[in-house]
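Data first, discussion second: the structure below is written as structure tokens.
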């Protein structure tokens, strides 16, 4: 029986802050950018982390969509976000 390889899931990074000019605060997601963990790494380690994981950097538009979706779920109001 042959087993087909599992396709690699995309990995996403959203920088949320820089602390003391030494550390990067960021959200990291695998597969779905809406489901993420918050991480912090030194600047040079962050660059290596992104390269090693071949991440997609989320732009402002994608970040705004994620924030709006999160707000909709938090508030439970279907009128807050309407996807086109």
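Numbering (my numbering), first residue to last: 588 to 671. By construction, the Cβ of each residue, glycine as well, lies at the ideal position given by its N, Cα and C atoms. From a predicted model like this one, the values you see are computed outputs, not experimental measurements.
Item checked: Contacts around residue 596, its chain only, beta-carbon distance under 8 Å, and the 5 residues preceding and following it disregarded -> 617 and 618
Next item on the list: Would you kindly work out how many angstroms separate the C-alpha atoms of residue 622 and residue 660, rounded to a whole number?
Entry: 13 Å
Margin query: Let me check one thing: in DSSP terms, what residues is residue 598 bridge-paired to?
Written below: 617
Note to self: Only counting the same chain, and skipping five residues up and downstream in sequence, which positions put a Cβ closer than 8 Å to that of residue 612?
What the structure shows: 602, 603, 604, 605, 606, 625, 626 and 627
Checklist line | Other residues of its chain near residue 629: CB distance less than 7 Å, five sequence neighbours each side excluded | finding: 609 and 610
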